[in-house]
Structure formats: C-alpha cells, structure tokens
Amino acid sequence: GPQALQRGSGLDAAALAALRPHLVNLRAGKFSSEGEMTSTPEEVDAIFEQHLPRWMAQHGDAPARIVFFAHGGLVSESSGLQIAQRHVGWWLANGVYPIYFLWETGFFETIAQLLGRATGGARGLTDFSDFLIETAARALQGPRIWGGMKWSAERASDAPSPGGPIGGAYYVAQQLKKFCDRHGNRVELHAAGHSAGSIFHAYFLPAAQQLGAPAFRTLHLLAPAIRVDTFKTQLLPRLKKGLVGRTTVYTMLRDFELRDNCAALYRKSLLYLIHFALEDRRKTPILGLEESLRGDADLRGFFGLDTVQPGANEVIWSQSPSDTGRSASRATSHGDFDDDAPTMNSIVRRVLDKADADAIQEFPARARAARGWDEEVDWPQGFAPAGAGPARWSWPWTPPWAASPPAGPVPPYVPPEAPPPASPYVPSQGATQAPAPAPQPGTMATGRRTALCIGVDDYPNPQHRLSGCVNDAQTWARALQQLGFETRLLVNGQATRDGIDAALRALVGGSRAGDVIVVQYAGHGTHVADLDGDETDGRDEALCPVDFASGALFIDDDIAKVFAALPEGVNLTVFMDCCHSGTNTRFAVGLEPGALAPPPGAQARYVPASPELDAAHAEYRRQNQMLSRAVRAGGTGGEEAMRHVKFSACLDSEVALESGGNGEFTRRAARVLARGIQGLSNEAFLQAVLTEFGSNAQQRPMLDCASASRSAPLLLPLAGGQRTDQAAASGAAAAQPSADARDAALLHAVQVLAESVQLLARR
Numbered sequence: 018g019p020q021a022l023q024r025g026s027g028l029d030a031a032a033l034a035a036l037r038p039h040l041v042n043l044r045a046g047k048f049s050s051e052g053e054m055t056s057t058p059e060e061v062d063a064i065f066e067q068h069l070p071r072w073m074a075q076h077g078d079a080p081a082r083i084v085f086f087a088h089g090g091l092v093s094e095s096s097g098l099q100i101a102q103r104h105v106g107w108w109l110a111n112g113v114y115p116i117y118f119l120w121e122t123g124f125f126e127t128i129a130q131l132l133g134r135a136t137g138g139a140r141g142l143t144d145f146s147d148f149l150i151e152t153a154a155r156a157l158q159g160p161r162i163w164g165g166m167k168w169s170a171e172r173a174s175d176a177p178s179p180g181g182p183i184g185g186a187y188y189v190a191q192q193l194k195k196f197c198d199r200h201g202n203r204v205e206l207h208a209a210g211h212s213a214g215s216i217f218h219a220y221f222l223p224a225a226q227q228l229g230a231p232a233f234r235t236l237h238l239l240a241p242a243i244r245v246d247t248f249k250t251q252l253l254p255r256l257k258k259g260l261v262g263r264t265t266v267y268t269m270l271r272d273f274e275l276r277d278n279c280a281a282l283y284r285k286s287l288l289y290l291i292h293f294a295l296e297d298r299r300k301t302p303i304l305g306l307e308e309s310l311r312g313d314a315d316l317r318g319f320f321g322l323d324t325v326q327p328g329a330n331e332v333i334w335s336q337s338p339s340d341t342g343r344s345a346s347r348a349t350s351h352g353d354f355d356d357d358a359p360t361m362n363s364i365v366r367r368v369l370d371k372a373d374a375d376a377i378q379e380f381p382a383r384a385r386a387a388r389g390w391d392e393e394v395d396w397p398q399g400f401a402p403a404g405a406g407p408a409r410w411s412w413p414w415t416p417p418w419a420a421s422p423p424a425g426p427v428p429p430y431v432p433p434e435a436p437p438p439a440s441p442y443v444p445s446q447g448a449t450q451a452p453a454p455a456p457q458p459g460t461m462a463t464g465r466r467t468a469l470c471i472g473v474d475d476y477p478n479p480q481h482r483l484s485g486c487v488n489d490a491q492t493w494a495r496a497l498q499q500l501g502f503e504t505r506l507l508v509n510g511q512a513t514r515d516g517i518d519a520a521l522r523a524l525v526g527g528s529r530a531g532d533v534i535v536v537q538y539a540g541h542g543t544h545v546a547d548l549d550g551d552e553t554d555g556r557d558e559a560l561c562p563v564d565f566a567s568g569a570l571f572i573d574d575d576i577a578k579v580f581a582a583l584p585e586g587v588n589l590t591v592f593m594d595c596c597h598s599g600t601n602t603r604f605a606v607g608l609e610p611g612a613l614a615p616p617p618g619a620q621a622r623y624v625p626a627s628p629e630l631d632a633a634h635a636e637y638r639r640q641n642q643m644l645s646r647a648v649r650a651g652g653t654g655g656e657e658a659m660r661h662v663k664f665s666a667c668l669d670s671e672v673a674l675e676s677g678g679n680g681e682f683t684r685r686a687a688r689v690l691a692r693g694i695q696g697l698s699n700e701a702f703l704q705a706v707l708t709e710f711g712s713n714a715q716q717r718p719m720l721d722c723a724s725a726s727r728s729a730p731l732l733l734p735l736a737g738g739q740r741t742d743q744a745a746a747s748g749a750a751a752a753q754p755s756a757d758a759r760d761a762a763l764l765h766a767v768q769v770l771a772e773s774v775q776l777l778a779r780r
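The structure is reproduced here in structure tokens:
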C-alpha cells in the first residue's frame, strides 16, 4: 500500500512489475523473501524461459546481448531499485537485455554509524583526523562489517551442498547455461560491477564458466573495491585464459580519490577507507586505487599501463579529457560512476562494439548531487528518525541509541518472592533434564556437552519486568538438548548475581579438554560507571541479575575473570540476548550507551543508566573488595586474545528486542539450530541468523571471537584439544610483534586522543 511505498524506493506497482523480468534480489547470497522486490527460483526461470525469449523474438536475428549488472555492496534495496529503474529502459533502448543483481547485505547503515561514532559527528575535520577515523574504524569492527559484505558477495555463487541452500547467483548461472545451450551462438554475455560489485562478479563469472556458459565478451569494473590479491587469485588467471574477451576498469585518478569523502566525515573516497581501515590489514591494495594499479607489475602488464597504445584490457581514468566516446568517464565521486553519463555511454559502446562516432541511445544526463551515504538506509517501520522522511535520514542527526539515556531514581531493591535455589547449578522447577538424546551424526567427538541457560523476567521493579527471557532460556535448553547437550536452567529468582557467578564458575571450572560448554543469557543489559579505569569511555557493560538494582551487577570484568579460568582444549560458546551485548565478554571498544524506542509490540532489554544505579554499583563493589580486583582475560588484546566464541543479539550500539513471548534473536537462532548444525561454522551460523532477520532488521546479531574461530565448526570439540588463542598457535610469531599487534598497541592511545579532542570540542 502507500505506506510500503513511502518506506521504500517510491516506485509504484507498475514500475516494480516492469522491472521484475530484469531483477534478481538476494539477501546474504540467497534469494530474498523480504522487502519490496522478492525473488524466487521460479521467477529466475521465467526470465530465461519467457521474458528473454520473448525479447529475442522482437529483435529478429540480432545478437542477444545480455548484461549482468551488480551494484555496490553498500547500496540499500530501495537505492538498488532506483538504479535499476534508471538503467533498464536505457539498456533496452540500446538493444541490450539487462539483468540486475540486487544483493542486499544489510551492512550499509552499520558503516555509516561506524563513521559517525569514529568522529563523534564532528565537522570541519582535518587530514590528521582521517588517520584517527581509520584507526577508530578498525577498532569499531570495521573489517568485520566489510568482511560480512564480502561474505555475502561470495555466498551468492555457492554451488549446492548437502544441507546448504544454493547461492542465488549460482542458480542464475545454471539457468543461463541452459538458455545458452538452447540459443547457440546468438547469445553474447557481458558484465558490469560497481564498487563491491566487482567482488560479486569475481565469483559469479567463474561459476558461470565452470557450469559451461560461454565466455563473456566484456567485463566493466567501476571504481572496483576488490582487493588486488583477490582479483589476481580469483579472476586474473581466468581472464588470461579467456573468461572475458575485454576487461575495462573505470576509476578516479588519485587526486580525485583524495578529494572525495564518505558521509561528509571521512575526507577521502570509500576506496581509501577500505584501503586503510576496512580490510584486515592496513594499506591493503585495492584494485580501484591508482597507486595499487600502477604499483603492481602484473596489473600494469594486463591493463597495458606500461604501453602507449591500449590493448584489449585497459583502465579509463576519470576525469577523462573528453566526455564522449569509448574512453570517457567524468565521475568525481566513488558513488557517481553508475550514474555518470560519459561512463555509462562508454560501457554501452564497448558492449555494442561501437566506435566513438557511431550513434547510440545516450544515457540520460542529469544534474544531481552525488548519492550520499545518508541516503542508503532503508529504515524498518517504526524506526525512521523524526524529520528524516519515511525512508531517508540525513546528517547531522544523532541516532536515538547515541543519545544520553534518561536518568531517574532507581527504587530500592525488593527481594523476589521466589525462594533461592538449593544449588545454583540445579535445574529450576519445571525444567526438563531427561537423558540427552544422541547427537547428530558427526557432531560429537569426545568430552561432555553441557549448557547453562539463564533467563530473567521477574525483576522486582515493574518497569523492568520482561516477558520472554525465561521462554528464551527454555527454548535454548530444548534446542541444545536436541544437539546432545545436558542443559541446566537458572531463571528468575534463582538468577541472582551470586547464583549466576557460582553457576558459571561450576560450568567453566568443571570442564576439561574435549568438552563443549555453552552459556546462554536472556535478560536486561545496561552500562554503569567504570570503577577501575580500564574502559576508554568510562562505562562497563553489565548483565542485570534479578537483584541488580542493589548494585549486584555482573559486569564485563566479572565475566572475563570467570572465563580466564577456562581449561585448555574446551570449546566455550556464549549466546547473549540482551541490549548492547556486542562485546560484553571482553574489552569493549568504548561505545556510548543508548536507548532506542522499540517499535509497537516490542520491548527493549535495556535498563537506562542512572546516577542512582552507578552509586549502588560502587557501594556494592566497595563492600565486596574481591570483586574490585577482577583481572580481565586477554588485556587489551581485543578479539584475537579471546578463548571463547560469543554470539550477541545485537551490536554494542543497539538494543535487543523481544516480542510475542521470545527475544527476536533467540527466535531466529532457534530456527537455524532446528535445521541441524552439521557442517555449520560459527561464521555460517551468524550469517544464517542474519538471513532470518531479513533486510530491514531492527537489530543485527554479531559474532565476537578470534579470527581463527570464525571458520571453526559450531558447537564441536576443538580440533585435537588445542588452544584457541593465537599465541599458542605460533610461539615464534608471538615472540615477534606483528603489524596487527603494533596497531593494537597504538589503538588505545589513538582512541584516548580522539575522545579527548571530541570532549574539548564539545566544551
């Protein structure tokens, strides 16, 4: 209806229907069943069995030229639809049939928030501040966010595997092969990818070749964000062997890259942000950067950069001297290329093999501002900020979760009516503890499988009470029992601070090499004053036991102290369904607390910080001196020092929601577990849960662990009982500080400096 149109692209039903024969919508690599434009295998079948043959029949014996276009990975669904709507008619007018991949990644708004947090929303930044932003972006999980986007690009071309869905682009490649077999030499294939669309095509084109599709005539990469090493591994050898007849890169000269900006905060192009901050290592060569192209001998040779006359493969530098012809590009911003008339006209001339003087249907030029980062968020219903319009938001705007939470008196603690448990590690009344069923084949090697599931609804203060956390604990207990775990529940009045502490110590301390243990928590989260000075933002993340209002909070320091006692060779996995839970089992990255108004029918699992709660927390710690001497496992080493795996319901900056009797995270995670975990890695589990949330997610679960653990099997014993930390993996490497270690050592000082500058600016 009208409301849906307001939230999305603004295209009416007729426009969407006209686009459907040209669109394939993907989410996390699989066909998308949510949003404005859904896609199914049957609709892809219709493209190749009905729409394309009908179009060919209208063009007689002319070559059937098909172009596959992949937009940038940070484009929202609505913007992707608008791009396609602007392009499709123009392609058709030039006698080319376009097929557009709308590959939703769900990571754009996180990148925009990342920059906002790295700068505090400050304007008038200097070049030196770019270095601070880059360093802060690395600390604020930038590489993980960008890595998730790349993961979506790769998964789209996944071949079918036992228990795993087929990638949407792979399915397209299968149907393309059948279509080409039916229509012989009449078919010409072409591809174009903007920004991270180059990463998408680095997997789609080889998949099509492997299935037996004809070679592509042309490939056009616009401001390609693909890593040079990925290009050289995934594409370059195949290009040299005939995967594509002619490859053209369109990108800006270095001076224009340096004068571009991201979100009006970072004073260089997106490619430089990727180069310096979003890849795993600082200064990773990116194909679209002039210095990367000229600095690699293989690329210079392939693209003819060492010769006067261009060959089959070449680079078109923007801005070009001319705005017409096969070698024209006038884009001056990273986001401009797919809307720059000279660039698009150049591409169609190469697809049609037209000379500069030959007539074509010109791309419709228009005066416009560059499409900004602020335009790329499709806000879920109920979450669009006031004044931002139904589908757009603009800088400067402070997200609700970055605002200071309201302060208010916290009532004195009233003990719950439920009696304390006889032992904190005994199942609560009504919990099932039947003998665990046999685990799925291939999911259990040696050792015990034990889980502790914690849920708190009945907080004494009525304004804090929840309704889905005990259900969550029971849901997790049932799901884990099906995977062979012995599960124990700790709920409501049992889940005091002391009860949680004792249960965690019993679980961790009683484990041994080869065991797989799980901790799950559903309840409130909060932030309180950091009393020992180990947090750069002066706040500790905290879980809220049933007696938290007395100051009996379970802070991130406490969790780290318990987990420091984890025996070698034990696989510990944690599932946190509470607000701001992103990194609450290790040193966090200094994010501000927030309070986001939940949509109708949902409730946030967050207790706003207040002076009264801070005072109660300080007094509780003063009376319990041993707690003040908690030593955090891993120090400032960050995620690489982690010896456990943690899945969070949301990012540090977000709130976790519950509705319909369960947490939104738990409901979706349980669906994934119910399908079985055989062959599922930790990273794959996260992506499956993200897929369950869909493109308009109100919260984004995350995985927090050492990089080596991301590809490790979910909930299985560690291989050989080996240590999971990186130092044990290589003693020699540990003795020699790596570049990443040096970056980590520098990070703390840079963060403190950046925060100090922001505080001074506010004063």
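Mapping to this note's numbering: the sequence shown position 38 is 55, numbers consecutive. Every residue gets a Cβ at the ideal spot worked out from N, C-alpha and C, and that includes glycine.
Exposed unless 16 or more other CB atoms sit within 10 angstroms - verdict on residue i
| i | result |
| --- | --- |
| Asn278 | buried |
| Gly464 | buried |
| Thr250 | exposed |
| Gly328 | exposed |
| Ala745 | Note on Ala745: pLDDT 34, under 50, position unreliable in the model; the coordinate value appears next. Answer is exposed; the Cβ neighbour count stays below 16. |
| Arg717 | buried |
| Ala673 | buried |
| Asp78 | exposed |
| Asp29 | exposed |
| Asn679 | buried |
| His541 | buried |
Under 8 Å between C-beta atoms of residue i and residue j
| i | j | result |
| --- | --- | --- |
| His207 | Arg82 | yes |
| Leu287 | Leu306 | no |
| Thr543 | Glu503 | no |
| Ser174 | Ala224 | yes |
| Asn699 | Leu668 | no |
| Val189 | Cys197 | no |
| Asp355 | Ile162 | no |
| Leu149 | Leu119 | no |
| Leu256 | Thr265 | no |
| Asp594 | Phe702 | no |
| Val545 | Ala559 | yes |
Nearest candidate by alpha-carbon position, reference residue i, set the options
| i | options | result |
| --- | --- | --- |
| Val473 | Ile100, Leu506, Arg727 and Glu629 | Leu506 |
| Val113 | Ala101, Pro80, Ile100 and Val536 | Pro80 |
| Asp353 | Thr324, Leu295, Pro241 and Tyr283 | Pro241 |
| Gly677 | Arg495, Ile471, Gln704 and Asn488 | Asn488 |
| Arg199 | Ala224, Ala230 and Phe217 | Ala230 |
| Leu252 | Arg234, Asn509, Leu228 and His218 | His218 |
| Gln336 | Arg685, Glu558, Asp323 and Ser350 | Ser350 |
| Ala209 | Gly696, Trp120 and His88 | His88 |
| Arg298 | Ile377, Pro160 and Ala512 | Pro160 |
| Glu709 | Ala691, Ala686, Arg692 and Arg234 | Ala686 |
| Ser512 | Ala490, Phe248, Phe65 and Lys194 | The sequence given here has Ala at residue 512, not Ser. Of the listed residues, the one whose Cα sits closest to Ala512 is Ala490. |
Which residues DSSP lists as bridging residue i, in chain order
| i | result |
| --- | --- |
| Pro628 | DSSP lists no partner for Pro628. |
| Cys279 | Tyr283 |
| Gln537 | Cys470 and Phe592 |
| Asp557 | Val545 |
| Tyr114 | Ile83 |
| Tyr476 | DSSP, once it has assigned bridges, lists no residue as partnering Tyr476. |
| Ile333 | Tyr267 |
| Ile303 | Arg244 |
| Lys47 | Arg44 |
| Asp721 | Lys663 |
Short CB-CB distance (under 8 Å) between residue i and chain D
| i | result |
| --- | --- |
| Ser146 | Annotation note: the requested chain D is absent from the structure, which comprises a single protein chain. |
Near the ligand PLP: residue i beta-carbon under 7 Å from a heavy atom
| i | result |
| --- | --- |
| Val535 | The ligand PLP is not part of this structure, which contains no ligands at all. |
Practice problem: Flag this pair as touching only if the segment 213-228 and the segment 338-346 have three or more C-beta atom pairs under 8 Å; answer yes or no. | Solution: No, the segment 213-228 is not in contact with the segment 338-346.
Exercise. Take every Cβ of the segment 32-40, pair it with every Cβ of the segment 54-62, and state whether three or more of those distances are shorter than 8 Å.
Key: Here the segment 32-40 lies against the segment 54-62, with 3 or more beta-carbon pairs under 8 Å apart.
Quiz item: Is there contact here, the segment 358-367 with the segment 327-341, by at least three beta-carbon pairs under 8 Å?
Solution: With a cut-off of 8 Å, the segment 327-341 and the segment 358-367 count as touching, because enough Cβ pairs lie within range.
Quiz prompt | Cβ contact (3+ pairs, closer than 8 Å) linking the segment 362-382 and the segment 100-112 | solution = Contact between the segment 362-382 and the segment 100-112 is present: three or more C-beta pairs spanning the two stretches fall below 8 Å.
Quiz item: At a cut of 8 Å, does the segment 297-313 reach the segment 261-275 through at least three beta carbon pairs?
Solution: Yes, they touch.
Quiz item: So, do the segment 714-730 and the segment 515-523 have three or more beta carbon pairs nearer to each other than 8 Å?
Solution: No: the two stretches stay apart, fewer than three of their Cβ pairs being nearer than 8 Å.
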